[in-house]
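Below is one structure; the comments refer to it alone.
There are 2 protein chains.
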Amino acid sequence: MKTYKVKVYPENIEVIAKEGENLLELIRKSNIPINSVCGGEGVCGKCKVIVKSGKIDTESTTHLGRSEIQKGYVLACLVNISSDLEIEIPLESRLEEGQILLGNEKLYSKVSDFVRTESLEKKSIFKLFPLTIKLFLNLPYPSIKDNKSDLERIYREIRRYYDFPIMQTGLSVIKQIGNLLREADWKVTVTLGMRNKTTEVIQLEKGDTSCNNFGVCVDIGTTTVVAELVNLNNGEILGVKGSYNKQISYGSDVISRIVYATEKKGLDDLRNAIAENINALINSLAIESNIKLNDITSIVCAGNTTMTHLLLGIDPGYIRKEPYIPTVSFVPVIRAAEVGIKINPRGLLATLPSVASYVGGDIVGGVLASGIAESEDLSILIDMGTNGEIVLGNKDWLCSSACSAGPAFEGSGIKCGMRARNGAIEATSIDKNFEVKYSVIGNTKPHGICGSGLIDLLGELLKSKVIDRRGRINDNLSTDRIRDNRGCKEFVVVWGKDTDTGDDIVITEDDITNLIRAKAAIFAGTLIMLKKLDIPIDEVKHYYIAGAFGSHLDIEKAIFFGLLPDLPRNRFKFIGNSSLTGARQYLLSEEARDKCESIAKKMTSFELSVEPGYMEEYISALFLPHTDLELFPSVK
Amino acid sequence: MKTYKVKVYPENIEVIAKEGENLLELIRKSNIPINSVCGGEGVCGKCKVIVKSGKIDTESTTHLGRSEIQKGYVLACLVNISSDLEIEIPLESRLEEGQILLGNEKLYSKVSDFVRTESLEKKSIFKLFPLTIKLFLNLPYPSIKDNKSDLERIYREIRRYYDFPIMQTGLSVIKQIGNLLREADWKVTVTLGMRNKTTEVIQLEKGDTSCNNFGVCVDIGTTTVVAELVNLNNGEILGVKGSYNKQISYGSDVISRIVYATEKKGLDDLRNAIAENINALINSLAIESNIKLNDITSIVCAGNTTMTHLLLGIDPGYIRKEPYIPTVSFVPVIRAAEVGIKINPRGLLATLPSVASYVGGDIVGGVLASGIAESEDLSILIDMGTNGEIVLGNKDWLCSSACSAGPAFEGSGIKCGMRARNGAIEATSIDKNFEVKYSVIGNTKPHGICGSGLIDLLGELLKSKVIDRRGRINDNLSTDRIRDNRGCKEFVVVWGKDTDTGDDIVITEDDITNLIRAKAAIFAGTLIMLKKLDIPIDEVKHYYIAGAFGSHLDIEKAIFFGLLPDLPRNRFKFIGNSSLTGARQYLLSEEARDKCESIAKKMTSFELSVEPGYMEEYISALFLPHTDLELFPSVK
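Quick mapping for you: the protein sequence lines, in order, are chains Z and E. Read in order, the letters of the first sequence correspond to residues 78 to 713 in the working numbering. Read in order, the letters of the second sequence correspond to residues 78 to 713 in the working numbering.
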């Protein structure tokens with residue numbers, strides 16, 4: 078078979094391609110982190126590369142602007158290689174870890190703030206009792222009179238400190254005990270892991286090493302992965318790092334990843350991708366804090382149900398088929414090494430339990446972290462990530478549902494949408510002459526608009542009457558910013574002369590429709606849950622907004638847009654990455670673990686799509702802010 | 078390096094040997110089962126081979142008779158190879174499985190009797206609840222309303238039958254669940270394993286396979302290994318098979334095996350030997366009953382503490398070093414595959430708990446099977462295998478000790494001693510002219526004397542005054558059967574013309590001393606335990622004799638010899654291989670497992686060697702039957 082050389086810049090790597098091989102797949106295989114929201118279907122337009130030399134035979138696409146095409150831009154997923162090539166992968170098509178933490182300090186410093194300062198109610202601070210503990214034992218010497226076996230001697234000593242009902246030890250540890258105890262002169266440190274209400278001796282070390290005991294908690298988002306390194310002896314957070322989820326190369330949302338895992342037999346690829354992701358984060362956290370991987374004895378992951386299945390290498394196929402049944406909700410604690418996570422070889426991995434296929438461990442962690450489940454007050458928790466999830470309840474009951482909001486708020490499916498990073502417009506204002514002022518993350522030339530920027534922009538467009546309450550663009554206004562583009566109306570936010578690509582940044586009527594649908598899904602979901610339980614919206618005393626997205630949001634504009642209900646503003650609270658906070662609590666406290674299990678057991682889930690009345694609510698919410706203005710008195 | 082060819086008959090195998098290689102080691106490596114009691118030290122004289130051709134340079138030994146030397150017999154362990162050889166391994170030097178069951182029907186039919194007919198008190202018949210159960214589940218189909226995850230659906234259904242507090246499932250099983258449930262139309266059979274008070278789903282099969290669930294129980298003796306195949310659904314014994322413990326090639330007693338394991342780094346050899354042993358037994362049991370190895374879902378092993386350590390590959394080194402501490406007494410249930418036992422790949426292996434280094438799971442199993450621990454009456458259990466162990470107690474308390482009786486009763490360390498198999502003299506009578514009548518196992522020409530034969534013989538020698546109460550041979554009697562051999566007196570039991578080798582079968586004064594020491598150790602141990610607890614011997618209402626050896630013993634002569642106390646004869650009861658019975662009960666019943674754990678926890682152990690007064694008792698017992706004839710009124 079014929080092969081070609083593909084040179085990739087700026088890496089300056091040469092890769093060998095087979096005749097007809099897909100360029101996106103080649104780049105993926107070469108382990109160069111490239112963005113691809115749709116998973117290689119030519120739909121999202123995110124895998125742009127610049128062809129420097131070589132013959133290209135590609136399909137036409139609306140995802141590339143004229144000036145881009147002139148510069149040699151193509152979509153990698155639409156190229157089948159038929160000659161030697163030289164290509165460059167530009168910044169906007171890359172998934173680079175550095176960019177998240179370093180290139181977008183603004184976003185991540187906020188996330189970190191939430192992480193570090195604990196945006197938690199006092200009542201949900203739990204007693205420290207980590208998933209793995211180290212205990213120094215100064216064992217009494219054996220004698221003819223005290224001739225218990227080595228293992229029972231260790232158990233007896235442990236039980237002087239803790240009343241563990243069931244203790245276990247694996248054969249590989251038992252095999253080491255005899256010599257190790259004697260070489261250590263009976264002074265040893267045991268690492269104890271809490272597994273399913275049993276306690277496992279997972280490691281024995283000579284002498285007193287109890288001060289070196291660390292854990293990692295991870296929020297596995299569909300889009301980003303954030304990990305914290307924690308000192309298990311005192312709960313101190315030693316560091317936090319984030320990266321894009323490498324699985325993005327295989328599709329941006331859970332559905333496209335499930336399809337890739339099952340129909341394209343890509344389960345292993347996806348499992349490897351997330352394991353590499355997490356390992357890279359752990360490694361760099363460990364280096365930064367100068368600790369050994371071997372001293373990391375446990376890891377707790379929170380993610381949606383699909384992310385959890387993929388992490389564990391479990392086929393997620395049935396999650397997307399009616400009646401939407403996951404393989405497992407309460408995942409047993411396993412050894413991290415079983416799924417390729419590199420910490421102590423016998424270290425444990427726990428995953429937060431989920432409620433249903435679309436209400437995962439991330440939400441359960443969020444409920445844990447928010448303290449909803451311990452409060453007399455009725456609260457709502459809303460997590461607007463790649464999916465939108467809503468939880469309603471108090472200490473007596475909890476119900477949840479997932480909205481098919483889609484990834485519009487993450488900038489996906491929006492012509493000039495992008496994630497919140499350098500070059501993203503995050504706030505706008507429109508004056509009476511329709512001139513637009515905007516602020517850009519990183520103070521660079523703008524490249525696109527991020528989620529919070531879009532919500533902000535829609536509020537402005539509505540206020541300035543560029544759009545009506547149905548989101549339709551009014552083309553009778555006297556401004557050249559409003560124009561028709563092949564039958565679709567659009568509003569020019571920034572002219573090409575001021576953008577980094579030279580192309581205009583616009584918002585189209587289709588974009589607006591997408592965004593309104595997304596907000597309608599979330600708002601209707603909230604309302605139907607309240608209605609079903611016969612609770613007036615005003616009885617909701619706390620409205621927690623989770624997700625990195627939340628911390629950017631202008632509450633006033635989000636209410637004006639109809640995404641958030643018109644409640645007194647002081648009831649809203651951003652709790653940041655509450656999934657990560659929940660995972661940390663799970664890592665650090667037995668009480669939290671019990672609480673978490675009971676939350677997952679207690680919480681019911683609605684499948685909104687089959688809920689009677691949901692469609693009507695959804696349709697009513699397709700107005701800005703809503704068909705029923707009585708719901709928005711302050712807007713009225 | 079120079080090499081030689083060694084041809085081995087009757088196998089007709091050619092093996093290549095290095096210059097100077099030890100012949101015993103070569104034979105072992107070639108996997109030809111050869112006897113070696115001392116483990117290759119030239120001490121036991123059991124590894125006799127016949128040299129057919131080739132030059133031999135060997136040390137002289139007293140273990141070979143004149144006629145043997147003439148026939149070309151050598152001890153393999155004393156030969157370093159320095160030429161091409163042709164050798165034959167004669168029957169008496171072989172460890173062949175066939176011989177045990179087929180060549181010695183008499184012994185083994187008795188063992189099997191005990192196994193099959195349950196020589197148990199009624200009170201120790203336990204409720205059937207095996208270590209692994211199979212349960213057919215006809216799961217309700219999932220729906221939007223009933224959207225529990227697959228695993229929780231399985232758990233919920235299991236809990237309709239059993240109230241298991243803690244359920245676990247390994248990742249490898251979880252990964253199969255999704256597809257398997259749907260392919261099986263939600264009709265599946267789960268295999269549940271009881272592990273340490275938790276319940277593990279170890280396997281999922283399509284459809285109803287619950288009728289195919291089998292287990293194996295094994296008594297791992299130092300000398301023999303006996304395995305039973307059991308139907309776990311009803312407790313029926315489908316077959317029983319025995320073999321010599323292949324570890325015998327590395328030494329006949331636990332001490333020589335510990336030395337081989339630790340000082341000669343032979344732990345792996347020993348572990349492999351016993352695993353091969355057990356696998357061969359299981360295989361042949363499975364073939365005979367026409368069942369699949371995959372349907373054997375659990376195995377329970379009972380053995381002394383050293384055997385258990387070796388089975389698990391745990392260094393037994395500290396067992397023989399003061400203060401005699403084993404690594405583990407309560408061994409967790411593991412997967413059989415972890416130690417190379419070939420049943421269902423996820424099948425479980427449990428080992429009976431031990432009490433101390435020299436009071437093992439075999440004894441705990443014996444106590445369980447005997448019913449001692451459930452009786453108001455005071456009982457003694459004595460197990461005379463390669464070691465002698467004594468248990469004293471009732472339902473409220475139990476104490477145990479091990480006697481360094483040595484292997485004399487197994488024919489080892491006795492000039493013409495042999496194990497109880499074809500050619501062994503098992504009973505004798507001596508008339509007033511000192512003529513000897515004898516019966517031989519297998520009705521062949523005699524080859525040696527087995528343990529029960531030796532006890533029988535000593536009783537006869539004492540009665541006919543050939544020996545005095547100290548075991549000294551009276552050389553003033555007018556018979557040519559009494560003679561001096563290089564300064565050691567001996568009594569000729571059978572003249573060479575009537576034996577299978579042509580050499581006389583004798584018992585020497587040294588043999589008699591060895592046997593008296595062995596019985597003294599056991600009797601003194603019994604007495605010191607009673608004394609320490611201030612219990613008159615007559616209060617012992619039941620005296621259980623365990624071990625294959627026991628079933629051959631003539632009670633009357635054993636009392637006359639001073640091995641057994643002078644109690645009413647109806648208090649003695651042979652309970653055969655009670656270790657195997659205990660293992661079967663452990664396999665079959667949760668109640669038995671709990672009982673077994675509580676026996677092992679409750680039982681105390683004396684270390685006799687440090688017990689004050691033990692030496693005096695021992696010395697007093699060196700008389701026949703005893704220094705204190707008041708203890709033996711019926712003999713007096």
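Each residue gets a CB set at the ideal place from its N, CA and C atoms; glycine is no exception. This structure is a prediction, so every number in the text was calculated from the model and none was measured.
Checklist entry - Cβ atoms of I502(Z) and G548(Z): under 8 Å apart, would you say? => result no
Checklist entry - Cβ of E451(Z) less than 8 Å from any chain E Cβ? => result no
Checklist entry - What separation, rounded to the nearest whole angstrom, lies between the Cα atoms of I544(E) and T505(E)? => result 15 Å
Next on the checklist: Rounding to the nearest angstrom, what Cα-Cα distance links Q147(E) and L610(E) in this structure?
Outcome noted: 57 Å
Item to check | Nearest residue (CA-CA) to E633(E), options V617(E), N551(E), K650(E) | outcome: K650(E)
Next on the checklist: Is there a C-beta anywhere in chain E that falls below 8 Å from the one on G119(Z)?
Outcome noted: no
Item to check | Proximal chain E residues relative to A433(Z), where beta-carbon distance stays under 7 Å | outcome: N224
Checklist entry - With a Cβ-Cβ cutoff of 8 Å, do S477(E) and M692(E) count as a contact? => result no
Checklist entry - Listing by chain order, which chain E residues have their CB less than 7 Å from the CB of Y395(Z)? => result G255
Checklist entry - What is the C-beta distance between V583(Z) and K522(Z), in whole angstroms, given that I count them as a contact (C-beta under 8 Å)? => result The pair is not a contact, with the Cβ atoms about 16 Å apart (cut-off 8 Å).
Checklist entry - Just checking my contact of F700(Z) with R546(Z) at CB under 8 Å: how many whole Å lie between their CB atoms? => result 5 Å
Item to check | Neighbour-count burial assignment, M244(Z), 16 or more Cβ in a 10 Å radius | outcome: buried
Item to check | CB-CB length for T138(E) against G122(E), believed under 8 Å | outcome: 7 Å
Next on the checklist: Can you tell me whether R670(Z) is helix, strand or coil according to DSSP?
Outcome noted: helix
Checklist entry - From the DSSP output, which residues share a beta bridge with K369(Z)? => result Note: K369(Z) sits in no beta bridge, so no partner.
Checklist entry - For the candidate residues G494(E), N381(E), S447(E), A698(E), whose alpha-carbon lies nearest to that of N464(E)? => result N381(E)
Next on the checklist: Using only the alpha-carbon positions, how far apart do A357(Z) and L344(Z) sit?
Outcome noted: 20 Å
Item to check | Cβ neighbour criterion (16 or more within 10 Å) applied to P422(E) | outcome: exposed
Checklist entry - Considering only residues of the same chain and omitting the five flanking positions on each side of R230(Z), which have a CB-CB separation below 7 Å? => result L216, P219
Checklist entry - How would you write the range of the alpha helix (DSSP H) that V517(E) sits in, first residue to last? => result Segment 513-517 is the beta strand (DSSP E) holding V517(E); no alpha helix (DSSP H) there.
Item to check | Runs of beta strand (DSSP E) wholly within the segment 569-640 of chain E (minimum 3 residues, chain order) | outcome: 582-585, 619-623
Item to check | Alpha carbon of L309(E) to alpha carbon of N112(Z), nearest angstrom | outcome: 56 Å
Item to check | Proximity of P403(E) and H386(E) at Cβ, strictly below 8 Å | outcome: yes
Checklist entry - Quick one: does D392(Z) have its CB under 8 Å from some CB of chain E? => result yes
Checklist entry - Where does Y695(E) sit, in a helix, a strand or coil, going by DSSP? => result helix
Checklist entry - Around the C-beta of L288(Z), are 16 or more other C-beta atoms found within 10 angstroms, so that it is buried, or is it exposed? => result Looking at the sequence shown, residue 288(Z) is not Leu but Cys. Counting Cβ neighbours within 10 Å, C288(Z) comes out exposed, since fewer than 16 surround it.
Checklist entry - Is the distance from the Cβ of S366(Z) to the Cβ of T209(Z) below 8 Å? => result no
Item to check | C-alpha distance - L706(E) paired with V571(E), whole-angstrom precision | outcome: 32 Å
Checklist entry - Given a threshold of 16 other Cβ atoms within 10 Å of its Cβ, counted over all protein chains shown, does R563(E) qualify as buried or as exposed? => result exposed
Checklist entry - Does the separation of the CB atoms of Y515(E) and A601(E) fall below 8 Å? => result no
Checklist entry - Quick one: Cα of K342(Z) to Cα of V336(Z), how far? => result 9 Å
Checklist entry - So, helix, strand or coil for F486(Z), using DSSP? => result helix
Checklist entry - Cβ of T681(Z) within 7 Å of any heavy atom in the ligand COA? => result Judged by which ligands are present, the structure shown has none, so any question about the ligand COA falls away.
Checklist entry - So which residues of chain B does L389(Z) contact, with C-beta pairs closer than 7 Å? => result The question asks about chain B, but that chain is absent: this structure's protein chains are Z and E.
Checklist entry - Hey, is P217(Z)'s beta-carbon within less than 8 Å of any beta-carbon in chain E? => result no
Next on the checklist: Between which two residues does the alpha helix (DSSP H) holding I332(E) run?
Outcome noted: 331-339
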